[in-house]
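A.B. asks:
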Amino acid sequence: MTPTAVIFGYLAVVLCIGIFARRTSMSGQNAEDYFLARRSLGQMVFLLSLFTTNMTAFSILGASGHAFANGIVTYGLMASSSALVIPVGIFVIGTRLWALGKRHGFMTPVQMFRDRWECGHIGTVIFAVQAVLLVPYIVIAVMGGGTTFAAVSGGMVPFWLGGAIVSLVVMGYVLFGGMRGTAWVNTFQAILFLLFGAIAVTVIGHGMGGFRPAIEGMLASPATAPLLTRERISPLYFLSYTFIPLSSLAFPHICIFCLTARRLEHFRKTIVLYPICMLFIWLPSVFLGVVANTATDVPAIRAKIEARATLASSGSTLSPGDRDRLRATASGDDVILRLIEAYAPVWLASLLGAAVMAAVMASDSQILALSTMFTEDIFAFYEGTARFGEAVQVLTGRVFVIVLTLTAYAIALVAPQSIFDLATQYAFAGYAALSPLLVAALFWKGSTKWGALACALWTAAAVLGVAVLQSVVPVPPGGGVVPVLSTGGIDVITRGAAGTMVLGLLPVVPMTIVSALLMVIVSRLTKAARPSRATLAKYFPGGAMIDAAVAKPR
Amino acid sequence: MINHGIMPAAFVLAALYAAHQDFWFWRDAQPIVFGVLPVGLFYHAAYTVLCAAVLWVAVRRFWPAHLEHLADRSGAPDE
Chain R
1 MTPTAVIFGY
11 LAVVLCIGIF
21 ARRTSMSGQN
31 AEDYFLARRS
41 LGQMVFLLSL
51 FTTNMTAFSI
61 LGASGHAFAN
71 GIVTYGLMAS
81 SSALVIPVGI
91 FVIGTRLWAL
101 GKRHGFMTPV
111 QMFRDRWECG
121 HIGTVIFAVQ
131 AVLLVPYIVI
141 AVMGGGTTFA
151 AVSGGMVPFW
161 LGGAIVSLVV
171 MGYVLFGGMR
181 GTAWVNTFQA
191 ILFLLFGAIA
201 VTVIGHGMGG
211 FRPAIEGMLA
221 SPATAPLLTR
231 ERISPLYFLS
241 YTFIPLSSLA
251 FPHICIFCLT
261 ARRLEHFRKT
271 IVLYPICMLF
281 IWLPSVFLGV
291 VANTATDVPA
301 IRAKIEARAT
311 LASSGSTLSP
321 GDRDRLRATA
331 SGDDVILRLI
341 EAYAPVWLAS
351 LLGAAVMAAV
361 MASDSQILAL
371 STMFTEDIFA
381 FYEGTARFGE
391 AVQVLTGRVF
401 VIVLTLTAYA
411 IALVAPQSIF
421 DLATQYAFAG
431 YAALSPLLVA
441 ALFWKGSTKW
451 GALACALWTA
461 AAVLGVAVLQ
471 SVVPVPPGGG
481 VVPVLSTGGI
491 DVITRGAAGT
501 MVLGLLPVVP
511 MTIVSALLMV
521 IVSRLTKAAR
531 PSRATLAKYF
541 PGGAMIDAAV
551 AKPR
Chain H
555 MINHGIMPAA
565 FVLAALYAAH
575 QDFWFWRDAQ
585 PIVFGVLPVG
595 LFYHAAYTVL
605 CAAVLWVAVR
615 RFWPAHLEHL
625 ADRSGAPDE
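First to last, the protein sequences are chains R and H.
With the working numbering applied, the first sequence corresponds to residues 1 to 554, in that order.
With the working numbering applied, the second sequence corresponds to residues 555 to 633, in that order.
1. Could you tell me whether the Cβ atoms of Gly105/R and Phe113/R are closer together than 7 Å?
2. Report yes or no: is there a C-beta of chain R within less than 7 Å of the C-beta of Gly585/H?
3. Would you say Phe508/H reaches chain R, if we count a Cβ-Cβ gap shorter than 7 Å as a contact?
4. Nearest CA to the CA of Val125/R: which residue from Leu503/R, Val466/R, Leu453/R and Lys538/R?
5. My parser needs the alpha helix (DSSP H) runs of 4 or more residues fully inside the region 52-114 of chain R; what are they?
6. Take Ile276/R and list the residues in its own chain whose beta-carbon comes closer than 7 Å to its own, dropping the five residues that flank it on each side.
7. Could you tell me the distance, in whole angstroms, from the CA atom of Ile17/R to the CA atom of Gly181/R?
8. List the endpoints of the continuous alpha helix (DSSP H) containing Val125/R.
9. Closer than 8 Å is the cut-off here; do at least three beta carbon pairs connect the region 240-251 of chain R with the region 79-98 of chain R?
10. Since Val88/R meets chain H, which of its residues come closer than 7 Å, beta carbon to beta carbon?
11. Between the C-alpha atoms of Ile244/R and Phe193/R, what's the straight-line distance to the nearest angstrom?
12. With 7 Å set as the bound, which would you pick, yes or no: does the beta-carbon of Gly629/H sit closer than that to a beta-carbon of chain R?
13. Can a CB atom of chain H be found closer than 7 Å to the CB of Gly76/R?
14. If you measure between the beta carbons of Trp98/R and Cys258/R, is that distance less than 7 Å?
15. If you reduce the DSSP assignment to three classes, tell me which class Gly205/R lands in.
16. What residues from the region 588-599 of chain H come within 7 Å of chain R, judged by C-beta to C-beta, listed N to C?
17. Ignoring anything shorter than 4 residues, give me the alpha helix (DSSP H) runs that lie fully in the region 160-237 of chain R, in order along the chain.
18. Less than 7 Å separating the beta-carbons of Cys240/R and Leu505/R?
19. Mind pulling the chain H residues with CB within less than 7 Å of Ala99/R?
20. Would Val114/R pass as an interface residue toward chain H - the criterion being a Cβ-Cβ separation below 7 Å?
21. Using a C-beta cutoff of 7 Å, does Val613/H count as contacting chain R?
22. Which residues of chain R have a Cβ atom closer than 7 Å to the Cβ of Pro618/H, listed in chain order?
23. Compare the C-beta of Ala606/H against all C-beta atoms of chain R and say whether one is closer than 7 Å.
24. Relative to the C-alpha of His574/H, which residue among Tyr237/R, Ala151/R, Ile490/R and Ser435/R is closest?
25. Can you pull the chain H residues whose beta carbon is under 7 Å from the beta carbon of Met278/R, in chain order?
26. For the region 300-353 of chain R, which segments carrying the alpha helix (DSSP H) assignment without a break, of at least 4 residues, lie completely within its bounds, in sequence order?
27. I'd like the span of the beta strand (DSSP E) that includes Ser486/R, first residue to last.
28. Tell whether a beta-carbon distance below 7 Å holds between Phe596/H and Pro235/R.
29. Are the Cβ atoms of Ile215/R and Val587/H separated by less than 7 Å?
30. Taking any Cβ of chain H, which residues in the region 443-469 of chain R have a Cβ under 8 Å from it, in chain order?
31. Using a beta-carbon distance below 7 Å, is Ala551/R in contact with chain H?
32. May I ask you to report which of helix, strand or coil DSSP gives Pro618/H?
33. Considering only residues of the same chain and omitting the five flanking positions on each side of Gly120/R, which have a CB-CB separation below 7 Å?
34. Tell me the rounded alpha-carbon separation between Ile191/R and Phe579/H.
35. I think Val13/R touches Val613/H, with their Cβ atoms under 8 Å apart; what is that distance to the nearest whole Å?
36. Counting Cβ pairs, one atom from each stretch, are 3 or more of them under 8 Å apart for the region 400-417 of chain R and the region 160-179 of chain R?
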C-alpha cells in the first residue's frame with residue numbers, strides 16, 4: 001500500500017510542476033514559448049533536463065538487467081562511451097545548433113535542414129524517418145510505466161491501469177507545461193535519479209551484508225567469475241558500441257533541447273558535468289546488476305539464475321515455447337526492483353520505486369519533440385500557421401500530444417514488448433546513421449539536399465532491412481551464431497543471440513559509415529544543387545569550415 | 555574559425571577514444587579495487603572521470619565564444 005501511495009504522490013508532484021509551469025508561462029499561445037520555453041532555460045535546468053532527456057527506462061532497469069546477464073561489460077558498452085561521445089557532440093554540434101537556431105529562429109532540426117539545403121519535401125522525408133524511429137520509445141515508456149506500477153504495487157495496480165495513469169500524467173504536464181514544464185519535471189527527475197544510485201547501493205549493500213563477500217563469492221565460482229571480466233564479449237562488438245552514442249546527437253528531442261538554453265555559457269557545465277552524471281547513474285545500476293547474481297536468498301532472483309543455467313545447459317533440447325518461457329524468467333530487467341524489495345525498508349523502497357518510475361517516464365521529451373516537429377515541420381510548413389494563426393498552431397501541438405499519447409497507450413496494450421525492444425534497439429542505429437546529416441549541414445559547405453535525401457533513405461532502408469532479417473532468421477537454439485550471408489569463406493552477415501552482425505560488427509557501424517559516404521558521394525555528384533551563396537553565408541559567416549573551395553558561384 | 559590548437563585537441567580526443575578500447579584488462583577481474591570493484595569496471599569509471607577532466611580543459615581552451623556573437627545578431631528575446 002505504502003509504495004503505491006508514494007508513487008501516486010510522486011505523480012501528483014510532477015503534474016503540479018507542469019501546471020505551475022503553464023501559470024508562469026509568458027504566453028500560452030506563443031509557439032516559441034510553448035515548444036522551446038522561449039529559449040530561456042537556466043544553467044542547472046538545462047544541464048539536468050538535457051541529461052534526463054537522454055536517460056530512459058533502460059538507464060536503470062535495462063542497464064542492471066544487462067549487467068545481471070553480461071557482467072561489468074555493460075558499463076563500458078553503454079556508459080563510458082557515451083560519457084565521451086555525447087558531451088563532445090554537445091560541445092561541437094549542440095553549441096553551433098543553438099547559435100543558428102537563435103539567430104534564424106529554428107525550432108526543429110528539419111527547419112534548419114530545409115533552410116540550409118534550400119529544400120521542402122526532402123525535409124518532409126527526413127521528418128517522416130525521424131518520427132517513425134521515435135514512436136517506439138514512447139510506446140516502450142508506456143509499457144515500462146505499466147510494468148513498474150504493477151511490480152511496485154504488488155499487482156494491486158494492473159498493467160493496463162498503470163500504463164493509463166502514467167500516460168495521463170505525462171500527457172498532462174506536457175500539455176500544460178510545454179517545454180518549460182517538461183524541463184522542470186526532468187530536472188526533478190534527474191535529482192531523483194542521482195539520489196537513487198547512492199541510496200540504493202548503500203541500502204542494498206547493507207542488506208546483503210556488504211559487497212566484499214559477494215564479489216569474493218563471484219570470483220570463486222566458475223559460473224559467475226566471467227561476469228567480473230569482459231571475456232564473453234568480443235573487442236569488435238565492444239568497439240561497435242562506441243557508434244551508438246552518435247544517435248544521441250541526431251535525436252530530434254536532444255537537438256530541440258539544445259535550442260532552449262538562454263546563453264551559450266550554459267553549455268559549459270553541461271559538457272563538463274555530463275560524464276559525472278553518467279557515472280552517478282550507471283555505475284550503481286551496473287554494479288547492483290552484477291552483484292544481484294549472488295542474491296540467491298531472493299526467490300525471484302534465484303529463479304532467474306536457475307532459468308539461465310537451464311538455458312545454458314539444455315537450451316538446444318527444449319521446445320521453442322519452453323525456451324521462450326525460460327528466457328522471460330531469466331530476464332534481469334527487474335533485478336533492481338527485486339533487490340530493493342528484498343533489502344530496503346518499505347518506506348525507502350517506496351521512494352526508490354518512485355525514482356525508478358521517474359526513469360521509465362522519460363518519454364515526455366520525445367512526445368513534446370514529435371509535437372513540435374509536427375506543428376513546425378508539417379502544419380506550419382504547409383501553410384497551417386499562415387492560414388489559421390499561431391494560437392491554432394499551439395492548439396494543434398496540444399491536440400497532437402493527446403492523440404500521440406492515446407495511440408501509444410493503445411499500441412502498448414495490444415503489442416508484445418519484444419517488438420518494441422527490437423524497434424528501439426535499431427532506432428539507436430538509425431539515429432546514429434542520421435548523424436552525418438547534422439554534421440554535413442553544420443560543417444560542410446559542399447553538402448546538398450540530394451546527399452541529405454540519400455542519407456535519410458539509406459537509414460530507413462537499413463533499419464527496415466535489419467528488422468526484417470531479425471524477424472525472419474530466428475536466434476539459433478543453442479545460443480550460437482548462424483551465417484546469413486557468406487562470400488569467399490568469410491561470414492559477412494551473421495545472426496546470433498546478440499543480434500545481427502556485419503563482419504563481427506554491430507549493424508550501426510556499416511550503417512553510419514555508408515550514410516556518411518552517401519552524403520559525400522551524392523553531394524559531389526549533385527554539385528548543381530548546392531545552395532545559393534546567400535544561404536551558405538548564413539551558415540558559414542566566418543568563411544571556411546570544411547571544403548571552402550567548393551562554394552558554387554552564382 | 556579554425557583554432558590553431560585544434561590538431562592537438564583532435565589528437566587528445568583520438569587518444570581518449572583509443573583508451574576506451576582497453577583490451578589489456580579484457581580477461582582480468584583482479585585486482586579488485588577498494589575490495590569491491592573489478593579492475594575492468596574501475597578502469598571505465600576512472601575513464602569517465604578523465605573524460606570530464608579533458609572536457610573541462612577543452613571548454614576553457616577552445617570555447618566557441620564567437621557563436622554567442624553570431625546568435626545575438628538575431629535580437630532574439632531573453633527572459
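Glycine included, each C-beta is placed from N, C-alpha and C at the ideal position.
C.D. replies: This is what the structure gives:
1. Counted from its first residue, the first sequence places residue 105/R at position 105. Counted from its first residue, the first sequence places residue 113/R at position 113. No. Outside cutoff.
2. The residue labelled residue 585/H in the question sits at position 31 within the second sequence. Looking at the sequence shown, residue 585/H is not Gly but Pro. Pro585/H is outside the set of residues whose beta carbon lies under 7 Å from a beta carbon in chain R.
3. Here chain H comprises residues numbered 555 to 633, so residue 508/H is not present and cannot be evaluated.
4. Walking along the first sequence from the start, residue 125/R turns up at place 125. Its Cα nearest to that of Val125/R, the residue Leu453/R stands out among Leu503/R, Val466/R, Leu453/R and Lys538/R.
5. List check, alpha helix (DSSP H) in window: 63-70, 81-89 and 95-104.
6. Translated into positions along the first sequence, residue 276/R becomes position 276. For Ile276/R, where only same-chain residues beyond five positions count, there are no Cβ hits under 7 Å.
7. Residue numbering aside, residue 17/R sits at position 17 when the first sequence is read from its first letter. Residue numbering aside, residue 181/R sits at position 181 when the first sequence is read from its first letter. Spanning the alpha carbons of Ile17/R and Gly181/R requires a straight line of approximately 6 Å.
8. Taking the first sequence and counting its residues from 1, the one referred to as residue 125/R is at position 125. Unbroken alpha helix (DSSP H) run through Val125/R: His121 to Val152.
9. Segments in contact, yes.
10. In the first sequence, the residue the question calls residue 88/R occupies position 88. When 7 Å is used as the limit between beta carbons, Val88/R is near these residues of chain H: Leu567, in chain order.
11. By 1-based counting over the first sequence, the position of residue 244/R is 244. By 1-based counting over the first sequence, the position of residue 193/R is 193. Their Cα atoms are separated by approximately 22 Å.
12. The residue given as residue 629/H occupies position 75 in the second sequence. Residue placement at Gly629/H is flagged as unreliable, the pLDDT there being 46, under the threshold of 50; a coordinate-derived value is accordingly withheld.
13. Position 76 of the first sequence holds residue 76/R. Among the residues facing chain H, Gly76/R is included, as its CB has a counterpart in that chain under 7 Å away.
14. To locate residue 98/R, count along the first sequence from 1; it is residue 98. To locate residue 258/R, count along the first sequence from 1; it is residue 258. Less than 7 Å divides the Cβ of Trp98/R from the Cβ of Cys258/R.
15. In the first sequence, counting from the first residue as 1, residue 205/R sits at position 205. In the structure shown, Gly205/R sits in a helix (DSSP, three-state: H, G or I).
16. The residues in question are Gly589, Val590, Pro592, Gly594, Leu595, His598 and Ala599.
17. Counting whole runs of 4 or more residues, the region 160-237 of chain R contains the alpha helix (DSSP H) stretches 211-220.
18. By 1-based counting over the first sequence, the position of residue 240/R is 240. By 1-based counting over the first sequence, the position of residue 505/R is 505. Correcting the residue identity first, residue 240/R is Ser in this sequence and not Cys. Contact: yes.
19. As a working mapping, residue 99/R is identified with position 99 in the first sequence. In chain order: Leu621, Leu624 and Ala625.
20. Residue 114/R sits at position 114 when you count from the first residue of the first sequence. The amino acid at residue 114/R is misidentified as Val; the sequence shows Arg. Answer no: the Cβ-Cβ gap between Arg114/R and chain H never drops below 7 Å.
21. Taking the second sequence and counting its residues from 1, the one referred to as residue 613/H is at position 59. It does: the Cβ of Val613/H has a partner Cβ on chain R nearer than 7 Å.
22. The count along the second sequence starts at 1 and reaches residue 618/H at position 64. Around Pro618/H, the beta-carbon contacts reaching into chain R at under 7 Å are Thr95.
23. Numbered from 1 along the second sequence, position 52 holds the residue referred to as residue 606/H. Answer yes: the Cβ-Cβ gap between Ala606/H and chain R drops below 7 Å somewhere.
24. The residue labelled residue 574/H in the question sits at position 20 within the second sequence. Comparing alpha carbon positions, the residue from Tyr237/R, Ala151/R, Ile490/R and Ser435/R closest to His574/H is Tyr237/R.
25. As a working mapping, residue 278/R is identified with position 278 in the first sequence. Near Met278/R (Cβ distances below 7 Å), the residues of chain H are Thr602.
26. With a minimum length of 4 residues, the continuous alpha helix (DSSP H) runs that stay inside the region 300-353 of chain R are 320-330 and 335-343.
27. On the first sequence, position 486 is the one that residue 486/R refers to. Segment Val481 to Thr487, the beta strand (DSSP E) holding Ser486/R.
28. Taking the second sequence and counting its residues from 1, one reaches residue 596/H at position 42. Taking the first sequence and counting its residues from 1, one reaches residue 235/R at position 235. With a cutoff of 7 Å on beta-carbon distance, Phe596/H and Pro235/R are scored as not near each other.
29. The sequence position of residue 215/R within the first sequence is 215, counting from 1. The sequence position of residue 587/H within the second sequence is 33, counting from 1. No, the pair does not count as a contact, with Cβ atoms beyond the cut-off.
30. For the region 443-469 of chain R, the set of residues with a beta-carbon nearer than 8 Å to any beta-carbon of chain H is empty.
31. Position 551 of the first sequence, counted from the start, is the residue given in the question as residue 551/R. Here the model assigns Ala551/R a pLDDT of 38, short of 50, so the residue's position is not dependable, and the following value carries that caveat. At least 7 Å separates the CB of Ala551/R from every CB of chain H.
32. Counting from 1 along the second sequence, the entry for residue 618/H is found at position 64. Reduced to three states, the DSSP call for Pro618/H is coil.
33. Reading the first sequence from its first residue, position 120 is the one you call residue 120/R. Arg114.
34. By 1-based counting over the first sequence, the position of residue 191/R is 191. By 1-based counting over the second sequence, the position of residue 579/H is 25. C-alpha separation (whole angstroms): 33 Å.
35. Against the first sequence, residue 13/R aligns to sequence position 13. Against the second sequence, residue 613/H aligns to sequence position 59. 34 Å between Cβ atoms; not a contact.
36. Enough Cβ pairs lie closer than 8 Å, so yes.
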